[in-house]
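Q: I have a structure here, written as structure tokens, and I will follow up with some questions on it.
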Amino acid sequence: MRILVLGGGGREHAIGWRLKKDYKEGEFFFAPGNAGTEKIGINLSINPEDPYEVASICAELKIDFIFVGPENPLAKGVVDVLTEEGRICFGPTKKGAMLESSKSFAKKIMEEAEIPTAKFSIYSIDDFKTGKLKIDELTPPVVIKASGLCAGKGTFVCKTKEQIKEAIKKIFVEREFGDEGNQIVIEEFLEGKEISYFALCVKNQFKTIGFAKDYKRLLDGDEGPNTGGMGSYSPVEYGDEKLKEKVENKIIKPLMRKLAEKGIEFTGILYAGLMIGKDEEPYVLEFNTRLGDPEAQVILPLIKNNFFEVILKALSEEKIEDIKMENHALCVVMAAEGYPSKYKKGIEIKIKSEEGENFIIFHAGTKRENSKLISSGGRVINIVGIGKSKDEARKIAYDIIEREIFFPNSHFRKDIGL
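For the sequence shown, the positions run 55 to 472 when our numbering is used.
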């Protein structure tokens with residue numbers, strides 16, 4: 055069987071690593087992949103966001119199964135094009151992916167399905183130009199989000215009137231996110247504990263995979279700018295059976311019913327970013343329609359089942375088996391100097407050992423040049439420790455950074471899991 059993983063980050067290395075572990079005989083391809091994925095299979099230099107280019111290479115290479123890693127190819131309709139051509143795909147259609155690619159669409163669905171979420175209002179760039187959006191009447195704290203896909207950078211927590219004006223200026227005046235910022239969602243500010251929930255879905259049926267916690271801010275103590283994610287761990291101490299049942303019954307089931315009502319069949323990974331309020335109830339901050347990055351790096355190593363078999367069986371029989379998890383995993387992301395702003399590329403990295411009994415290093419922004427490993431992105435490598443407890447996994451991950459890796463002037467948080 056020939057398998058293609060679309061994407062080139064740490065998440066996609068983790069997906070490829072997991073599928074290869076479960077299906078050793080498989081022939082693996084990655085588009086575009088990185089220096090880590092080339093040890094599993096063949097990297098293809100095609101544009102994963104062009105559905106027709108992907109379809110063409112799938113035909114040429116006789117690809118049997120496609121796992122879509124990132125959100126952009128999903129939003130561009132890569133699954134629609136590939137399934138039309140009769141290929142087996144794991145990921146939602148363009149309509150299903152709108153849960154992530156349009157925050158305004160997701161909020162309206164939540165409202166219709168009576169899913170607990172922050173109170174909100176939606177404004178377009180025309181509302182801003184015509185004065186329908188009355189900025190002076192907005193009372194902080196509020197959260198302002200560009201509606202489209204902004205690589206995790208389109209959300210602004212505004213605690214002052216000045217910050218409100220600045221966020222709207224960035225989106226509507228400076229057009230920092232282009233057309234992805236043609237609409238904004240303004241939400242009430244929710245306080246509590248954040249957690250990420252993941253489910254495996256096939257045609258609106260689902261089974262919970264588990265919970266993870268991620269760290270979005272650049273600096274220790276959750277300071278500094280937002281990033282794509284600087285670390286994560288799973289399981290989460292407050293992600294218990296009681297919370298799982300609440301999420302399934304109050305959020306995922308009503309969501310799947312509402313999607314079915316609208317004629318949307320959802321297949322793939324559903325990722326709900328949640329806030330656990332002071333009332334111990336979960337509220338949806340956002341939906342994503344793929345695995346998180348770096349959450350995939352801690353979720354995938356903990357799955358006891360043969361994950362690839364679970365997916366294939368679910369796709370063919372439309373019945374998903376229960377997913378069992380064991381142990382604890384913690385991931386520390388090592389980033390290039392300057393990230394998330396202008397960062398340095400081409401830094402040589404030396405790694406003594408990439409995988410052991412209780413650790414794995416997943417590559418993200420890396421490539422090989424003249425047999426040297428060099429950095430090519432902002433988030434560069436992900437160090438994952440696996441142990442019987444979070445503290446053990448944490449100790450392993452940080453020990454590996456100290457013992458196995460030479461990455462000059464890299465930046466990583468020292469407080470993941472504390």
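Even for Gly, the Cβ is constructed at its ideal location relative to N, Cα and C.
Because the structure is a prediction, the values reported are computed rather than measured.
Starting from the C-beta of Ala68, find all residues in its chain whose C-beta is less than 7 Å away, skip the five residues before and the five after it, and write them out in chain order.
A: Ala350, Gln351, Leu354 and Phe416
Q: Check Ser464 in the structure and name its three-state DSSP category.
A: coil
Q: Cβ of Phe461 within 7 Å of any heavy atom in the ligand FMN?
A: Looking at this structure, you won't find the ligand FMN or any other ligand, since it has none at all.
Q: Residues in its own chain within less than 6 Å of Lys358 by CB, not counting five upstream and five downstream?
A: Lys378 and Glu380
Q: Which residue's Cα is closest to the Cα of Lys332: Leu187, Ser288, Arg467 and Glu245?
A: Glu245
Q: Just to confirm, are Val197 and Thr209 a CB contact at a threshold of 8 Å?
A: yes
Q: Have a look at Ala205 and Lys296 and give me their C-alpha separation to the nearest angstrom.
A: Roughly 32 Å separates the two Cα atoms.
Q: Where do the ends of the beta strand (DSSP E) carrying Pro336 lie?
A: Pro336 to Asn342
Q: Can you tell me the Cα-Cα spacing of Leu272 and Phe466, whole angstroms?
A: 8 Å
Q: Is it the case that the Cβ atoms of Asn463 and Glu391 are separated by a distance below 8 Å?
A: yes
Q: Quick one: grab the DSSP three-state call for Ile243.
A: Here residue 243 turns out to be Phe, not Ile, going by the sequence shown. Coil at Phe243, not helix or strand.
Q: What is the DSSP secondary structure of Arg229, reduced to helix, strand or coil?
A: coil
Q: Could you give the first and the last residue of the continuous beta strand (DSSP E) run that contains Ile414?
A: That run of the beta strand (DSSP E) goes Phe413 to His417.
Q: In whole angstroms, give me the CA-to-CA distance for Gly278 and Asp294.
A: 30 Å
Q: Rounding to the nearest angstrom, what Cα-Cα distance links Ile403 and Tyr177 in this structure?
A: 46 Å
Q: Whose C-alpha, out of Ala85, Trp71 and Pro86, is nearest the C-alpha of Glu79?
A: Trp71
Q: Counting only the same chain and skipping the five closest in sequence on each side, list residues whose C-beta sits under 6 Å from that of Ala172.
A: Glu241, Glu242 and Leu244
Q: When the distance is taken between beta carbons, is Asp274 closer than 8 Å to Asp469?
A: With a cutoff of 8 Å on beta-carbon distance, Asp469 and Asp274 are scored as near each other.
Q: Taking the CB atoms as reference points, tell me whether Phe460 and Gly439 lie closer together than 8 Å.
A: no
Q: Kindly give me the distance between the Cβ atoms of Phe84 and Gly64, rounded to whole angstroms, as I take these residues to be in contact under 8 Å.
A: Contact flag wrong, Cβ pair sits at about 13 Å.
Q: Quick check: Leu345 and Tyr337, are their CB atoms within less than 8 Å of each other?
A: no
Q: Among residues of its own chain, excluding the 5 on either side of Tyr393, which ones have a beta-carbon nearer than 6 Å to its beta-carbon?
A: Gly432
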